[in-house]
Every structure is written in C-alpha cells, then in structure tokens.
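11 is the number of the first residue of the sequence shown in my numbering; add one for each residue after it. Quick reminder that beta carbons are idealized off the backbone N, C-alpha and C, glycines included. Here's the structure, in structure tokens; my notes come after.
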Amino acid sequence: MNERPVTPTDDIVSRQKNAGDPAKSIWVSANAGSGKTHILTERVLRLLLSGVSPEDILCLTYTKAAAAEMKSRVAERLGEWALLDDEILSRRVHEISQKRPDRRMIAHARTLFARALETPGGLKINTIHAFCEAALHRFPLEAEVPVNFKVIEDAERAELINNARQYVLSKGLGGDEKLGDAVAGLFARLSDAQIDDAINASLGKGEALRAVLRNPDQAKKNLRNLLNARELLPARVIMQSAHKKCTFSKELADQVFALTPPDVKKNRFEDKLARMDWGQTNLEKFFDAFLTKDGAIPKNGFPKKPIPQDAPLLTEQILAQADTLAQIFAQIKKARLIENSEAIIDVVAAIYTAYGHAKSAMDRLDFDDLIVKFATLLSSKTSADWVRYKLDAGMTHILVDESQDTNASQWHVIEQLVDDFFAGDSAAQRQRTIFGVGDEKQSIYGFQGAEPALFGQTGSRLRRRAEKADNAWENVPFRASFRTKDKILLAVDKVCAREDIRAALFSVDQPVSHESARDDKGGKVILWPPPEKQESPKLANEWPMEPTAPPKSNARMSAELIISQIKFWLTSKRALGARQRAVRPDDILILVQTRGPVFHEVIRALKNADLPTPGADRLSVTDHIVVHDLLALGDVLLNPEDDLTLATLLRSPLLGLSLAEVEDLCIGREKKERVWHRLKKATEKQSAAKKTYEYLHGLRKILDFDRPYEFFSRVLFAEQGLKKIHARLGNEVDEIIDTFLDLALEHEQSSQPSLQGFLASIRKRNISIKRELSESANGVRVMTVHGAKGLEAPIVILADATSNAIKTGPVFFGDEACPMLVHAGDKEAHTIETTEKFREPALARETAEYWRKLYVAMTRAEDELYVTGFKPEPTTNPHLTWYGALKEALSPLCTDIAIHGREETGLCFPQDHVPETANVGQDETSPPECDISHIVPVSAYEFVKTIRPSTAKVKRNADDYDTIREQVEIARVI
C-alpha cells in the first residue's frame, strides 16, 4: 500500500517532461518536495536513451550521499531495463522518452546497464570536489600539485591548522622579528577566546581571506583609507599625548563638590571625580567620569542639576573636557581597531603559510584547494587550452543539483567548464546542454560561502550565452510538492507572505506559492505554548536545611513535554492521518536550529522514556565518555600514581566499582599514600578491588609489548571490555569505538607509534562522526535543520522555535575590488561608526538565512507539523522568532486544541481540522475537507524494552560476544 498516494496534474507532468528534454538547456527553480532528484534521474536516463555516451554526462551534486542516491537510482532503472520483456520495456521507454520506441531503441535501452558498468570510473555523478580531485589527478603537472596527492578530511585539517596556530603564536611570543609585535599586541588587547574566534573566523572565509593574503600590505592600506586614518598614530602614542589634554583640575572638582556633594557609595559624575587621584593623570578614570562606556558624552542633561543653573562657566568647562575626551576616545578606538586588524592579518597569514607547508610536506590538498587549483588550471596561459580540450572531449551535458548551495568559486569552475558549450567549433559540431536545479528558498549554507542570489544570476548569464548561440534554453518552475499535504503548504505560504520573510527567501521579490500533488488532502500545523520557567525554590534561613531539587532548565522542561506527547501518541490508539496505521517512532523527526541545550535534552528525554532513537546525527569521538574512559585506562597504566584519573577509571564500565568501594579506597589513606597502593593492598574482603588490581597489573605487564591498536583491541574484546560497556551504555557506542580503533591503527603508521603518543594525539584532535539518519533510521530522529536537508517525515516537531540567536562574526572582509580585513568583535569596544557598514549587511544575511532555515524545517513535514520551544528571554522579540512568525500568521485561522498532560491549550491550523482525540465511533458527517482518519481503530505501538540508553532491540547472549570478537578480528586482518 502506498502511504502517500499522488496524482500529478497534466501541468505537473508537462513541466517534468519539459525539464527532462535532452535537446534543451534547462534551469529549474523547484519548491521543496517537488521531485528534484527524480527529474535529475529522468534527465540522465533520457540523455542515455537519446544516444549520449555515459562518459559524456557529468552530474554534480552537493553531497556524497546525494551522489550515491543518484547513482543508485540510475543503476536500478538501467538494471531493471536489462531484464524486462520487450512489451513492458517499450512502455517504460515511452514513458520516459515521450517517443514510441522502435526495435533498435529497445535494444539500445537493454545495453545501457552494461555500458554504464563498462564506462571507466562508472557514471560521472559526483560532488564538485570529487570531480575536481579526479581532474587534478589527471593533470597533476599542469596543475602543479603532487602527483599522488590525497585529500585531507575535516578532522585532519583542523589538526594541521591547530598545529600551525600553536607554532605561529609560540614563535610570536618568543620575540620573532616579524610576528613578535603582532602576537604580543593581540594578547595585550584581546582575551584568548577573542583571539581564537578571530583566527577561526578568518580562516573560514575562504576566497575572501585569499584575496587579502594575496597582498596583505594593500589590504592594510585599504582599511586605513576607509577609516580616513592614513597618518593615525598608534593607540599607545595617542594615550601618552592625551594626558596633556586632561585639563580638568582638582580646583574645578572642588567647585563641583560644593554644588553636589559626592557619595563614595554611588557612581555619579561627582562620585567618580571624588575617587580620582589628582596627583597623577589617569586617562581611563577621566573616560569613566566624563563619558559613557562607548565613549560618548552622557545624554539627558550632563552635568546634572544644579551645576548648569548655579555655575554656567563650570558647566562649559565640564562639557569642553568631555568633548576633548570623546575625540581622544574615538581616536584610540580607531587606532586599536586598525592595530587589531593588521595584527590578525599578520598572524593569520603566518598560520595560513605554515598550514600550506604542512600540507605540502604530506602531499595533501584540502577541499578548498581542489576548487582553487582546478580553477587556476582552467585559466592557465600555458596549459588551459590543452586541459580544456581533453575535458571537452568527455563532456557534452552537465547537470548541477542543489544549485542554491553552490558558492561563487564553485560556480566559477562550472562556468569555465561550459565556456565552449555555446561558442567555438564544439558548439556547432554536437549538441551540448547544461541543466541546473535549485531552490534559493533552501539556501542555508552561508557559512560555506553559498549565496542564494547566485543561482538566479548564474542562470541568467548562461541563458544569455545560450540564446546568443541559438541554443534552446528554458526556465522551468516546479511548484507542486509530492511530499507535503496541502494545509501545511498553505501555512507555509501564509507565514512566508510576511514582507521580511519573503524578502529573505527570494533575491527578486515574488510571492511564495505552493501546491500539493498528494491525493490525501489535509494536514495540520499545531503550536504548543512554551512551558513557563520554573522558579528557584526558596531556601530556609536556618539549619538543618531540607534538600531541594534545583529547578529544571527551560530546555529540559520543553524536551520532557515534547517526549511526553510522543509517548502518548505511541501508546494510545493514535492513527497517522489517512495511512490507517498507528504512529511509529520512525515517523517522527525532531528538528533544532543548533546542537544546543534543547538538542541534548531531547535525546536525554527520549532515552529516559525508553523510546527508540538512533541518537545524535553527529557524535564527538574525542569528547565521548567511552573514549575518556579508554584514555583514562591508558593514563593509569602509564602513571598509576595519578589518583584522580584512577578513581575516575574505577567508576567506569571497564572496572565497574561502586561508589562505596571507591570511597573505601580513597578515604582514610595515610599521608602521601596513593590510591594505587591501597588498591594493591586490598584484602580478600575487598574482592572487587583485589580483582581490579590484578586486572590492571596484568595489563601493565603487556603494555610495553602491544601497539595501541593491539592493546585496546585486547581490552575491548579479549578482556570483555566491549561487553561491559554495552551493558551500561548500549550499542550506540559501537561507532565511537570503531572510530577510536581506526585512529589507533592510523597512529601505528606514524614514525614513532606508542601508547603515550597516541593518547596525546587523541587529546589534541577534535574528531566527530557525521551520521546519515535517513528515513530508514530506527526510532525518533533528532537533528539540526542543516542535517535534515533532503529528508522528510510524516510528523515533524520544531523543538526550539522560540530561539533567535543571530550573531555576526568578529571579522569582516571587504569585497573583491577592495580586499580588507576588519576586526570588530565586541560591538562596543571594537566597533566604530564606519565599520558598522560591515556589520549591518552581515546581520541582514544571517537574519535572512534564519528565515530560510524555517522554510526548510516546515517543508520537511509530510502530514503534521508541531512548533514549540522554551520560554524566551524577555529581551527576545517574538516577532523575530519562528514561533512568533507562525503564531502571527496563523492564529487568526486557528482553533484551540487540548494538549495531553497540560493545562494550556495549543493552536491548531486549520480551524476545521478534526482533533486527534476523537473517539472511535465519532459522527462521520464531518465536512469533506476534514481529515477523519483518526477515528479508524488501529493497534497501538508496542514498546520493546531496551538497555538504557541503547537503541539496541535484540538482546544478545554472553556467548555472542566471542563470535563478534572473532568476526571483528578477522575483518581487521582482512
């Protein structure tokens, strides 16, 4: 049974067939859920049927997962064609090609699967980075890259950059001639965190940073020209000369005191004057007395009464001094901004250079290098024509998926590839097309350089070139969604009709319009009110004080209410729309904006409620408690006298001592007696401690003979460590342990492998596992909106919709024509009026992406969308949050709805929706547009008890672990 039946209209079918026409270049602007992957697959198949060789088609996708999905779909269809009888195959080919196939076409269709398999490298369906990597391997000498280069992953890149950073900063602090002043100045003016933020933000800017580093001196001049500060002195010199301008004397201060007596307990103008040491001029105290924190003269009557009325001359002197100080403050602020910016340029340039040298020494390229090197290769004066000729011979049709997420550098490469498509002999000799599909409303990768406007701008440029060459071109909009029900799409349209949200979705003003291709109409959007914040309990004034539980955080309260509702759905006879079955855990997708408190509290609440979940979509290996336990084991074996680490290890699953047993070992020791010695002297009565010592002592004996991988494999498998970990933490740690062992194996390839070196290298790295939580994932999925891109679920819950943490970075860059780097991290301390021209557009871009993330989140829902969050801070403007935007747009069209287990009511859109609490046997004379499927009796979801917090559903026998261990060991050897 198809749970999501669709009947495309003639218009939808016509648009799809038009978009797949292999004789035209097509630019598709597609709404969410409109079948972008389907039409890409159809177009590839039609190109193959039309006689295009598999090696002549290049399909560029945004992610490896999307490329794999595309390859799988094409291969599945081609494999099916190879086995179908002539009559059925004829129908299938006719459906795709829109032509009545003859015998030759049928025979050709049968051979396509084999031809695709025999094509060197297979079908060219790759990410743009993978394509550039393959091209650079073909032309390493022309591209001036190592012949056998490898691409470094994110974790290795982060490690190399961190090493380069430490090298540069230590070199600067050591008094290096070139870096000494820059590094010392940064540490004098900024905190460690501010320096790290500035360096990380700069290194993450890609092309903008490279433009600055191509000519750092010119970038510095550009900044000084912008600030009109070509001859501005250093801040230190300005401050030294400023003392002469602090002319307000003690005699004048005494006149102030005579009119308004000071109070040392207060912080008024006269109080600050009274605390001054008039024997020596302190510029900071003058600033504090006469100016506000941001260096402005106080408003609302300064100085305060009665000074202006009783002493007008004194008032003039006060204001004159304040005006002078304000000018000095502005000069110092400007000078510090320039000094910080120039120092960051010097430091980042040195880090970038050191990082480049490290890559070269290892024959490595990073992902940015792939794009930059390939673009340089295509524009090289000496070899570009040769490279283009070789590439041109193998490409006649280019398809670009998820075009809205393609950044400017990547578009530059693509445009270079199609340079000859619409010009020269090759354009006349054979038909060549480009196909782009995207949705600028879903452009949410601004941190990777994506700009939504680039999709439309690039399409317009390519269209002009195609039409100039008399090549067929068509823009095809896809409006229909095969995913989402019509009422949810109506809610999306109403929310996105707000002017600022609509402007965020489109680079050119146009209305947001959707239609649903699903046969089962309906759907609903429900707003759950955020829970009220718990008040802290009042503590008694006298002992003994009764123990009181701390108040739950807003995030925990919100998460527990969400999970309570989910458990109610699963345990009650709750039908899922017209699907006529009960809600299952894998029907539910919980989305958050960031992996913040709500994200972790939701996963915690799911596990506490024994609800199946695959866990987080990204796992930090180096921060995981299992890895901490394994590292602690290594530390203790290397240094048994580390009491704290040993006590921690004793409580871990590997050793499993109770808290009382650990206290017995740690408390009451003699002076300088170590816990290890107490463990060694454990008596027969302390059987657990005695066995623990024997176990650790045995491991110490083999420590010098095993390499890191062998050692930890022994601990986990031969010594049953994995079994103990599973018993406490469940099977979800398997991915963490696999990665940990892979890292141990990788370390053994280093020049001097050792356990101590391995432990140190792990602690220096920040390694995460990116998990693909597809629709087939077992249990309730919890992920960020970015991670959910391309996914869908019958029920979607937006868990932190009241949050609006929009921030700009500490570093801003100029444009291509005028490269510069501006450090303006703290709005008050480091920003001047001129540099606000950088902050305001950056804030506008972040805000626009915030609303595009809302669009992506809402359109993941198939049948039901729930929106909630925690109580926001009083300073948060509800109008500027997801929750506020939905409530504002939908509340006039909503009805109140009861929420299980809560006194408050929610809002349900549309008003005529039948509530899910309808009893079986309810009057079925409801309006035809209402979804009455909830009255169908279905069996409730049956819970399977799992080991908390595991997602495992199958209980293993103890003997199974021996088999697993043997299989793993065999696999490792292979």
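If you draw a straight line from the C-alpha of residue i to the C-alpha of residue j, how long is it?
{"i": "A145", "j": "L427", "result": "12 Å"}
{"i": "K497", "j": "E570", "result": "28 Å"}
{"i": "L599", "j": "G587", "result": "16 Å"}
{"i": "V382", "j": "D21", "result": "42 Å"}
{"i": "D941", "j": "A490", "result": "Since pLDDT at D941 reaches only 44, below the 50 mark, its modelled position is unreliable, and the value read off the structure follows with that caveat. Roughly 21 Å between the two C-alpha positions."}
{"i": "S100", "j": "V62", "result": "19 Å"}
{"i": "A221", "j": "A353", "result": "17 Å"}
{"i": "A218", "j": "A192", "result": "21 Å"}
{"i": "V646", "j": "S778", "result": "25 Å"}
{"i": "N887", "j": "E651", "result": "55 Å"}
{"i": "V725", "j": "L917", "result": "55 Å"}
{"i": "E826", "j": "E461", "result": "15 Å"}
{"i": "P584", "j": "A33", "result": "Sequence check: residue 584 is Arg here, not Pro. So the alpha carbons of these two residues sit roughly 50 Å apart."}
{"i": "D95", "j": "R110", "result": "16 Å"}
{"i": "K682", "j": "L659", "result": "20 Å"}
{"i": "I573", "j": "D620", "result": "10 Å"}
{"i": "G131", "j": "P820", "result": "44 Å"}
{"i": "A198", "j": "Q204", "result": "12 Å"}
{"i": "L537", "j": "L409", "result": "40 Å"}
{"i": "T386", "j": "A153", "result": "8 Å"}
{"i": "A811", "j": "T878", "result": "6 Å"}
{"i": "W421", "j": "Q730", "result": "53 Å"}
{"i": "N649", "j": "F715", "result": "17 Å"}
{"i": "I328", "j": "A245", "result": "24 Å"}
{"i": "G789", "j": "N741", "result": "14 Å"}
{"i": "L689", "j": "I746", "result": "30 Å"}
How would you write the range of the alpha helix (DSSP H) that residue i sits in, first residue to last?
{"i": "P718", "result": "718-723"}
{"i": "N618", "result": "607-618"}
{"i": "G466", "result": "463-478"}
{"i": "G894", "result": "892-900"}
{"i": "Y362", "result": "322-372"}
{"i": "K780", "result": "Looking at the DSSP string, K780 is not in any alpha helix (DSSP H); the run it does join, the beta strand (DSSP E), is 778-780."}
Given a threshold of 16 other Cβ atoms within 10 Å of its Cβ, counted over all protein chains shown, does residue i qualify as buried or as exposed?
{"i": "K799", "result": "buried"}
{"i": "G533", "result": "buried"}
{"i": "G708", "result": "exposed"}
{"i": "K6", "result": "Coverage of the chain is limited to positions 11 through 984, which leaves residue 6 absent and any answer about it impossible."}
{"i": "W892", "result": "buried"}
{"i": "H736", "result": "buried"}
{"i": "I171", "result": "buried"}
{"i": "Q766", "result": "exposed"}
{"i": "V602", "result": "buried"}
{"i": "R507", "result": "Contrary to the premise, residue 507 reads as Ala rather than Arg in this sequence. When all chains shown are included, A507 counts as exposed."}
{"i": "L50", "result": "buried"}
{"i": "L196", "result": "buried"}
Starting from the C-beta of residue i, find all residues in its chain whose C-beta is less than 7 Å away, skip the five residues before and the five after it, and write them out in chain order.
{"i": "R14", "result": "R528, E872"}
{"i": "Q108", "result": "K27"}
{"i": "H910", "result": "Q575, F578"}
{"i": "L269", "result": "P316, I317, D320, A321"}
At which residues does the beta strand (DSSP E) containing residue i begin and terminate?
{"i": "W37", "result": "35-40"}
{"i": "V821", "result": "821-823"}
{"i": "P487", "result": "483-488"}
{"i": "I807", "result": "803-808"}
{"i": "V832", "result": "831-833"}
{"i": "H407", "result": "407-410"}
Any heavy atom of the ligand NAD inside 8 Å of the beta-carbon of residue i?
{"i": "S393", "result": "Within the structure as shown, the ligand NAD is missing, as the structure has no ligands at all."}
Tell me which same chain residues have a C-beta within less than 6 Å of the C-beta of residue i, skipping the five on either side of it?
{"i": "Q520", "result": "none"}
{"i": "M805", "result": "One point to set straight first is that residue 805 is Ile, not Met, in the sequence displayed. Answer for I805: D597, I598, E874, listed in chain order."}
So, at 8 Å on beta carbons, what are the nonlocal neighbours of residue i in its own chain, with the 5 sequence-adjacent residues on each side left out?
{"i": "V486", "result": "R25, N28, A29, I36, W37, V38, S39"}
{"i": "S453", "result": "Q414, D415, A460, E461, P462, F465, E859, R862"}
{"i": "A394", "result": "L387, L388"}
{"i": "R773", "result": "T632, L641"}
{"i": "I984", "result": "At I984, the pLDDT of 31 sits below 50, so the modelled position is not reliable and the matter cannot be decided from this model."}
{"i": "V612", "result": "A569, I572, I573, I600, V602, V792, A809"}
Beta strand (DSSP E) runs wholly inside the region 120-149, at least 3 long, in chain order: 134-137
Would you mind listing the alpha helix (DSSP H) stretches within the region 271-295 that are 4+ residues and don't spill past its ends, in chain order? Listed in chain order, they are 279-284.
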